[in-house]
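Below is one structure; the comments refer to it alone.
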Amino acid sequence: MMQIKPILAALKRHKAGTILIALQIALTLAIVCNALFIIQQRVDRLSRPTGMIETDLMAIQNRWVGIDDEATAPLVKADIQILRSLPGVEDAVSTNSFPLRGGGWSMGVRLNPTAKKPITQTTLYFVDDHALPTMGAKLIAGRNFRADEVVTIDPKVFESSPVVIITKALADKVFPDGSALGKQIYITEGAPSSTVIGIVERLQVPWNGNFANKFEGNSTLLPIQLSGNFSAYLIRSKPGQLASVLKAAPAALFKANRMRVIPSERGVRTYADVREQAYKSDRGMAILMGIICVVLLAITAAGIVGLTSFWVGQRRKQIGVRRALGATKHDILSYFLTENLLIGIGGVVVGAMLAVGMNLWLMQQFEMARLSPVYVIAGVIVLLLLGQGAVLAPAMRAARVSPVEATRSV
Amino acid sequence: MLKMTHLSKVYRTEVVETYALRDFNIDVKEGEFVAVTGPSGSGKTTFLTIAGLLETFTGGEYHLDGVEVSHLNDNARSKIRNEKIGFIFQAFNLIPDLNVFDNVEVPLRYRGMKSAERKKRIMESLERVGLASRAKHYPAELSGGQQQRVAIARALAGSPRLLLADEPTGNLDTQMARSVLELLEEIHREGATIVMVTHDPELAARAQRNVHVIDGQVVDLAEDPRFHAHVAQVAEATHGR
């Protein structure tokens, strides 16, 4: 560190190269910090539990053909009976949607039926008393629906249900004091109230986009089977028998009634496939950002190697003179490492400010979360270490310059 | 102060061995001002680089200030260069990115000297060579003579035991060369040991003692036929003009 002052003095005489490398480091830091932050967010999102036990779970999406909406209820009931009686099936349920399906039904939750603004949003899962065991959702308070509470309703006239089961996230939001069980909530403005009879630990909403982030754990289960053209079936197989059920279930449904379409794509899926497809774009974005980070870091490292190699070549005579005047090989090595560190520090100071600025812009434009200082600190450390690593080879070459170089005329 | 005994320096390639110095013997006493002369390619610069520990040698012995240097490692050689030897190069060898003050400071920093002590020594050295007022100037802003004076100040700042000068006036015009030489003579009168390599007989004549090198060996000028041949060659060239 004893060389800082003369190094700074020398750098002042090589402004262009110094500023260019410092700027490259700054831009890399700003982009890498934000990219890593985005990756982390995507990874967090990918790792979110749905609240269901996802192994041995599969989904079938069914559309009736040539059958009036009002006439589908008994057909769905028959389908469910067939599915539950299949060998290898543990349980099955008909529902309008399920976590990560991508589409569903959402409503505002109120405590006052005439309140203009709901307290929060919730998704509605229209199910029956088999939903919790089929999904593997954990009931942490109250009770499950009874079979006699399940009714069939035309979705066009749906208003509310006398009883509901809600998730803990929703319960905590609407009743922050923790007293949700047995309380009344309103899921349609002006409609009759629903009594909370059970609370499940967690059940994710069907959407995984940014818009659903604020209520991603707010789900309400209603003991209602909607009549209509579309129905989705969640099926839990007995342990290890998912593959056979995956084949047997659609075959059994077609055997019972051919007036249906089960899309070849996404019609019959294991839940692992559902998750995979739901997070495809998140995973793609994380990989893309990762590639951008690696490429940027490689370019910056190459820039540092290039500039330092050029400077070492340019200063061979000067290095020889320094050696002649008493510099050890270590002194020369430390000269170049310190020089790089000083440029790096300049770069990361500007880069840290750029990173925060870029994040503020992303927050405004794309509703991104605030960048944690941890990313900036980690980025600063990575960039400084990268710089030192990149400069090591040319610096070692410089240290090997012989002191006799001082006497050479060119 | 500086004693080389049967010293040799051989450059080897796959096919040829070239002796730059062969059975080289020299003994420079403390306080002497010795000029090492000889024609181009005679080995005098090789002698200087070995004397200054810039290069290693192949055989023989070299004692510098009582220390046999052949077994010293690179760090120890650097330390001796830094503490005991002051270099004055033909091309001045100032660092262009540093101003005069910072240039003189370079060897003192490598010695790990405290800032206040460095500053005192630098200003004393610059005053000694008459350039204290140019401390903030860069080498490119100085004349050749001034640059060489800065180089001398840099060599003096560390209070070396030995000053090694390689053609110190080679890049200077007559007037500047004279002033630099006068400065060296003055430094010598103050007790410094100076070994100066030059091919200029006029410059060599100003030294206390001359050592002549031909074909990598120190020769006794009175008895060596190569010297007489060299003199005859020079004379012929002079008359032929």
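If you're matching them up, the sequences are chains A and B in order. Just so we're aligned, residue 14 is where the first sequence starts under this note's numbering, counting upward by one. Just so we're aligned, residue -6 is where the second sequence starts under this note's numbering, counting upward by one. Just so you know, even glycine gets a beta-carbon here, dropped at the ideal spot from N, CA and C.
Within chain B, the residues that residue i reaches when beta carbons sit closer than 9 Å
i, result
"K28(A)", "Chain B residues near K28(A): none, gap ~12 Å exceeds 9 Å."
"D295(A)", "Correct list: empty, because the minimum Cβ distance to chain B is about 51 Å."
Reference residue i; option with closest CA among the options
i, options, result
"F82(B)", "L176(B), A200(B), A185(B), T162(B)", "T162(B)"
"T(-2)(B)", "A13(B), E54(B), I43(B)", "E54(B)"
"S207(A)", "T41(A), G402(A), P126(A)", "P126(A)"
"R148(B)", "L177(B), D193(B), V212(B), L0(B)", "At residue 148(B) the sequence reads Ala, which differs from the Arg that was named. Measuring from the Cα of A148(B), the nearest candidate turns out to be L177(B)."
"I207(B)", "E7(B), F40(B), E10(B)", "F40(B)"
"E134(B)", "G123(B), V3(B), L91(B), L156(B)", "L91(B)"
"E183(B)", "L165(B), L196(B), M169(B), L156(B)", "L156(B)"
"Q401(A)", "S119(A), P416(A), A382(A), T351(A)", "T351(A)"
"N221(A)", "I200(A), E289(A), V177(A)", "E289(A)"
"A197(B)", "D159(B), A185(B), Q210(B)", "D159(B)"
"L266(A)", "S174(A), G253(A), I248(A)", "I248(A)"
"A22(A)", "V9(B), P89(B), G79(B), L0(B)", "P89(B)"
"P100(A)", "L88(A), E380(A), S250(A)", "S250(A)"
"V318(A)", "L405(A), P386(A), R279(A)", "L405(A)"
"V334(A)", "A28(B), D58(B), Y103(B)", "Y103(B)"
"N75(A)", "A245(A), I300(A), A299(A)", "A245(A)"
"V143(B)", "P132(B), P153(B), I73(B)", "P132(B)"
"S88(A)", "V106(A), V163(A), N270(A)", "Sequence check: residue 88(A) is Leu here, not Ser. Of the listed residues, the one whose Cα sits closest to L88(A) is N270(A)."
"P276(A)", "G230(A), P263(A), K268(A)", "P263(A)"
Residue j beta carbon less than 7 Å from that of residue i
i, j, result
"Q37(A)", "T313(A)", "yes"
"T321(A)", "P407(A)", "yes"
"M302(A)", "I44(A)", "no"
"V21(B)", "V188(B)", "yes"
"V187(A)", "I132(A)", "yes"
"V287(A)", "L137(A)", "no"
"L346(A)", "A403(A)", "no"
"G45(B)", "K37(B)", "no"
"P416(A)", "R296(A)", "no"
"N242(A)", "W118(A)", "no"
"R282(A)", "A72(A)", "yes"
"A146(B)", "L165(B)", "no"
"A150(B)", "V212(B)", "no"
"A48(A)", "I304(A)", "no"
"I212(A)", "V176(A)", "no"
"I356(A)", "A29(A)", "no"
"A128(B)", "F85(B)", "no"
"V361(A)", "L396(A)", "yes"
"P247(B)", "L338(A)", "Here chain B covers residues -6 to 234 and nothing more, so residue 247(B) does not appear."
"D142(A)", "N157(A)", "yes"
"P146(A)", "D104(A)", "yes"
"R202(B)", "V27(B)", "yes"
"E172(A)", "T201(A)", "yes"
Burial state of residue i (16 or more Cβ within 10 Å)
i, result
"M148(A)", "buried"
"R234(B)", "In this prediction, R234(B) scores a pLDDT of 49, lower than 50, which makes its location untrustworthy; the coordinate-derived value is nonetheless stated afterwards. Exposed, because fewer than 16 other Cβ atoms sit within 10 Å of the Cβ of R234(B)."
"A128(A)", "exposed"
"R159(A)", "exposed"
"T6(B)", "exposed"
"S71(B)", "buried"
"E167(B)", "One point to set straight first is that residue 167(B) is Thr, not Glu, in the sequence displayed. With fewer than 16 other Cβ atoms within 10 Å, it is exposed."
"H64(B)", "exposed"
"L367(A)", "buried"
"N223(A)", "exposed"
"V258(A)", "buried"
"Y4(B)", "exposed"
Chain-ordered neighbours of residue i on chain A, where CB pairs are closer than 9 Å
i, result
"V97(B)", "Within chain A, no residue comes near V97(B); the closest Cβ sits about 10 Å away, beyond 9 Å."
Under 7 Å by beta carbon: chain A residues contacting residue i
i, result
"T42(B)", "V417, T420"
"S68(B)", "The residue you asked about is not Ser; residue 68(B) is Asn in the sequence shown. By Cβ distance, chain A contributes T341."
"S1(B)", "The contacting residues do not exist; S1(B) stays about 17 Å from chain A at best."
"S172(B)", "The contacting residues do not exist; S172(B) stays about 23 Å from chain A at best."
Chain-ordered neighbours of residue i on chain B, where CB pairs are closer than 8 Å
i, result
"L338(A)", "R74, N75, F80, V99, P100, Y103, R147"
"R335(A)", "I88, V99, Y103"
Neighbouring residues, chain A, relative to residue i (Cβ below 8 Å)
i, result
"L119(B)", "In chain order: nothing, as chain A lies at least about 16 Å away."
Chain B residues whose Cβ lies nearer than 7 Å to that of residue i
i, result
"Q331(A)", "I88"
"A23(A)", "D90, L91"
"Q16(A)", "R102"
"D344(A)", "Y103"
At a Cβ cut of 9 Å, what residues of the region 384 to 413 of chain A count as close to chain B, listed as they run along the chain? Correct list: empty, as no residue qualifies.
Can you list, in chain order, the residues of the region 24 to 53 of chain B whose Cβ is nearer than 9 Å to any Cβ on chain A? T38, L41, T42, G45, L46, L47, E48
Of the residues that make up the region 133 to 160 of chain B, which ones have a beta carbon closer than 7 Å to any beta carbon in chain A? D159
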